Amino acid sequence: AQSVSQHNHHVILSEAASLELGCNYSYGGTVNLFWYVQYPGQHLQLLLKYFSGDPLVKGIKGFEAEFIKSKFSFNLRKPSVQWSDTAEYFCAVSVSSNDYKLSFGAGTTVTVRA
Amino acid sequence: DAGVIQSPRHEVTEMGQEVTLRCKPISGHDYLFWYRQTMMRGLELLIYFNNNVPIDDSGMPEDRFSAKMPNASFSTLKIQPSEPRDSAVYFCASSPGTVLNAFFGQGTRLTVV
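Here it is as structure tokens:
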């Protein structure tokens, strides 16, 4: 079964700083990759997703992620964070031949200080 | 569309009581998923349905948990009897065809005391 690893449990940074969250998965076949965000007290919302094509994916709220197949990675980035980006971020993977199940990483809590 | 609707938003119950969580998926979505979120285990898929039929319930922790989907617009997750370790946030999600477009509900925060 595939697994998803998120390297950072908690990231604290100041407004305008750049953000990069790591995500690695363990599956050798074709995968679909997702980043979800969960604002305090709210449900998960899709930030961006990768199915195929350009490995650099742009999502909502200025986020982007890069799929590097050789590294089994799908890191999330934002050049300049805002206080409103304070949230928990989840990487998720589905196996294309079985793409009705999402496996989530443990999540990374991002705290942006004003 | 109002999105995926879950009820109740919060539930506090005593150990041993039966708990029923409810979910109304987005109209037209033929996949429905139940997830549990805890600090220790993160987000776990409990069960999912396709066209009202349970497809994979391997994530259901034990026999105390059961889920039904009597029609395309309603699903329940029942815990009987409930235990303190069941305390978690339970999310329902629906998708139009595959999980590639899963929409999550607001979740039910369950506390078993």
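Those protein sequences? They're chains A and B, same order as listed.
Take the first sequence: its position 105, counted from the start at 1, is 105 in the working numbering, and no numbers get skipped.
Take the second sequence: its position 20, counted from the start at 1, is 134 in the working numbering, and no numbers get skipped.
For glycine and all other residues, C-beta sits at the position ideal for the given N, C-alpha and C.
Here the structure is a predicted model, which is why all the values come from computation and not from measurement.
Within the segment 148-159 of chain B, the residues whose Cβ lies closer than 7 Å to some Cβ of chain A are Gly-156, Leu-157, Leu-159, listed in chain order. In the three-state scheme derived from DSSP, where H, G and I count as helix and E and B as strand, B:Asp-177 is classed as coil. Assignment of beta-bridge partners to A:Leu-56 by DSSP yields A:Glu-66. A:Ile-68 and B:Ala-186 have their alpha carbons spaced roughly 39 Å apart. Under the Cβ distance rule, B:Tyr-204 does not count among the residues neighbouring chain A, no pair being separated by less than 7 Å. The Cβ-Cβ distance between A:Ala-87 and A:Gln-45 does not fall below 7 Å. For the 7 Å CB-CB criterion, B:Phe-188 and B:Val-118 do not form a contact.
Under the DSSP assignment, B:Gly-156 falls in the beta strand (DSSP E) whose first and last residues are 156-164.
According to DSSP, residue pairing for B:Lys-192 in a beta bridge involves B:Thr-134, B:Ser-180.
Beta-bridge annotation (DSSP): A:Ile-12 is paired with A:Thr-111. Contact annotation for B:Ala-181 against chain A: no contact, minimum CB-CB distance about 15 Å [criterion: below 8 Å]. Linking A:Ala-17 to B:Ser-121 through their CA atoms gives a straight-line distance of about 39 Å.
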